[in-house]
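So the structure is just underneath, and the comments pick up after that.
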Amino acid sequence: MRRMSDPAYVSESQDRLHGENIEPITQLCDSLEATDKGPIPYVDPALDVDEARILVLTSAPGPGTASGFLSHENDDDASERLLRVFSSAGLDPKYTIPWLVHPWTQEDYALNLTKERIATGVKPFNRFLKRVPRVVAIIAHGGESQKLIKAFSSTIGGSVLSAKAIKVFNAPALHAQSANRKFTPEELEDQMVETYGQAMRLCGIRPLVSGN
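FYI, the UniProt record's numbering numbers position 32 of the sequence shown as 32, with every residue one higher than the one before it.
So this is what it looks like as structure tokens:
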């Protein structure tokens, strides 16, 4: 059973939302939800804005965020896939931080985004990026994430990414409904492992030794 499927763990996580390690992101989520565009999952407070080196960017809140959190500990296929990729790459999740192209939950947890909804995510992404000052790499999972990066870079982002020496790595989408027919699920995961390995080397993150 994944941690976010345990009500006690979810309750504990809710109590930790205003810790120094995650407070800037919690405040951002609260301010975005106040726009009445829909509910927004909080970022898992087990993570830390000062530890984060790799930003994991995906499209929109999936079914796992029914927990109320954006977390690799959610009980859904995409979260399980991401955790497998972390494990295979030897990446400690503490060095990552997740965010969404469109942070507001869509009806039935729909993941496909219109051009307008991708554009709506540009300003929130800019605000998020300012709150994770030590991020060096962005893993853009799937077409929506890659389109957001392009829109960000061509508008308000300008030279932000280059000025901060942040490198963007494109990767396959995490969700099964976004699967690439040219490759098997195993091949897609292998691609993700390689991509995260490249990001880790850029960030100077040493792979965990098996068994640690």
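Even for Gly, the Cβ is constructed at its ideal location relative to N, Cα and C.
Helix, strand or coil for residue i? Go by DSSP, reduced to three states.
{"i": "T120", "result": "helix"}
{"i": "G211", "result": "Residue confidence for G211 is low, a pLDDT of 48 falling below 50, so the modelled location carries little weight; the figure read from the coordinates is stated next. Three-state result, G211: coil."}
{"i": "T65", "result": "helix"}
{"i": "L82", "result": "helix"}
{"i": "V193", "result": "helix"}
{"i": "T114", "result": "coil"}
{"i": "Q27", "result": "helix"}
{"i": "A8", "result": "helix"}
{"i": "A134", "result": "The sequence as given places Arg at residue 134; Ala does not occur at that position. In this structure, R134 counts as coil in the three-state DSSP scheme."}
Do you know whose CA, among the options, lies nearest residue i's CA?
{"i": "D115", "options": "A151, S31, S71", "result": "The residue you asked about is not Asp; residue 115 is Lys in the sequence shown. When only C-alpha atoms are compared, the closest one is A151."}
{"i": "N21", "options": "M1, Y42, R3, A46", "result": "A46"}
{"i": "K94", "options": "N112, V101, D50", "result": "D50"}
{"i": "P7", "options": "F69, R134, T120, L113", "result": "F69"}
{"i": "T105", "options": "V209, G121, F183", "result": "G121"}
Name the DSSP bridge partner or partners of residue i?
{"i": "N170", "result": "A140"}
{"i": "W99", "result": "L57"}
{"i": "V43", "result": "L70"}
Please look up how many angstroms separate the CB atoms of residue i and residue j, rounded, as I've assumed it's under 8 Å.
{"i": "S59", "j": "L100", "result": "7 Å"}
{"i": "N126", "j": "I166", "result": "At roughly 12 Å, the Cβ-Cβ gap does not stay under 8 Å, so N126 and I166 are not in contact."}
{"i": "F169", "j": "Q198", "result": "6 Å"}
{"i": "S79", "j": "R131", "result": "Not confirmed; about 22 Å, so no contact."}
**Prompt:** Taking contact to mean at least 3 C-beta pairs separated by less than 8 Å, is the segment 134 to 141 in contact with the segment 68 to 76?
**Reply:** no
**Request:** Check whether the segment 80 to 88 touches the segment 29 to 38, counting contact only when three or more Cβ pairs, one atom from each stretch, lie closer than 8 Å.
**Result:** no
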